[in-house]
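All remarks here apply to the structure that follows.
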Amino acid sequence: MKIFVVLALALSAVYAAPRHSAVQLTTDTGFIVGGEDANRGDWPWQVSIQRCSISCSHNCGGTVLNGNWVLTAAHCITGAASSYRLVFGILNRDDETGGQVRTASRVTRHENWINDGSLGFPNDIGVVRFEEALDFSSPWVSPATLVSRGVGSLAGQACTITGWGRLFGGGPLPNTLQQAETRVLSNDECILRGISMARYEYHICISDDNDVNGACNGDSGGPLNCPVGPAGAHQIAGVTSFVIVGCRIDRPSGYVRVSEYLDWIDDNTN
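Residue numbers for the sequence shown, in mature numbering (1 follows the signal peptide of the UniProt record, and there is no 0): -16 to -1, 1 to 254.
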């Protein structure tokens, strides 16, 4: 019995030990590393959330929920609602032809959002309202479908991240919307790969198996698009939240797990 207990404790220690050392997290996630240009209309729910003062510039990504609401990260909407300009249905940031532009009228951050990387930025989710409803007769703009409550962990699922984030740390913003393939990790695998603060009820972690794409990562607030709907239709499983300081593409990055926030989203968009 003593031998069995000692062996069990030893195995437990092996599996509990992180594969990587402790890391520092940041919500400065404006990167799509190793991506490729998307085609117009591939991701019609993708939003460019711009911050305006004297002029407007791309700040975060977002997802069209319906005609008057956008889903994004809480850390993307810390300013006054009137300072945010929303651009829909575009492929290139410098060409808004055929797109739709709205000004935010209300921003709502999750009431329990904690802006603390040591905790993994829990509840980093928010919604933005605008008054003039979107025109969904446009071929370039349509609402997303969120994953269901029963979708499960999605561990091992191939998904796509999208956004206008920088192509590398300190690099320029791409003009064209980027997309990159990635894979969902189990919560245990995320912890083993260095994100010790990962919690299933808050996070969905992703990483590229080849350490080439994405994990530095998608535009803050932007969607994690997973083909889990009928006939492989893409549904939104995550909202870009954090990455490891230093833009390490060999480590996971963290998204808000949308399936855990469906009630909150419903309550705050009605």
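Note that the Cβ used here is the ideal one computed from N, Cα and C, for glycine as well. It should be emphasised that the depicted structure is a prediction, and the values quoted were computed from it without experimental measurement.
message: Is it buried or exposed, S237, if we count other Cβ atoms within 10 angstroms and call 16 or more buried?
response: buried
message: For N107 and Y186, which I take to be in contact (beta-carbon distance under 8 angstroms), what is that distance rounded to the nearest angstrom?
response: Between Y186 and N107 the Cβ distance is about 7 angstroms, and since that is below 8 angstroms, they are a contact.
- prompt: Hey, would you say W124 sits closer than 8 angstroms to G45, going by beta carbons?
  reply: no
field: Under the three-state DSSP convention, the category E244 falls into
entry: Look at E244 here: in three-state DSSP terms it is helix.
field: Same chain only: Cβ atoms within 8 angstroms of V85, ignoring 5 sequence neighbours per side
entry: R69, L70, V71, F72
Same chain, Cβ closer than 6 angstroms to T47, neighbours up to 5 away in sequence not counted: W29, L55, A128, P207, I220
- prompt: Do you know whose CA, among D250, G149, W53, lies nearest D117's CA?
  reply: The residue asked about is misnamed: residue 117 is Ala in this sequence, not Asp. Comparing Cα positions, the closest option is W53.
One or two residues paired with L130 in a DSSP bridge: I220
query: In or out: S32 buried (at least 16 other Cβ within 10 Å) or exposed?
result: buried
query: For the putative contact between R90 and A65, defined by C-beta atoms under 8 angstroms, what is the C-beta separation to the nearest angstrom?
result: 5 angstroms
- request: Take the Cβ of A199 as the centre, count every other Cβ of all protein chains shown within 10 Å, and call the residue buried at 16 or more, exposed below.
  value: Low confidence applies to A199: its pLDDT is 40, below 50, so where it sits in the model is not reliable enough to give any reading.
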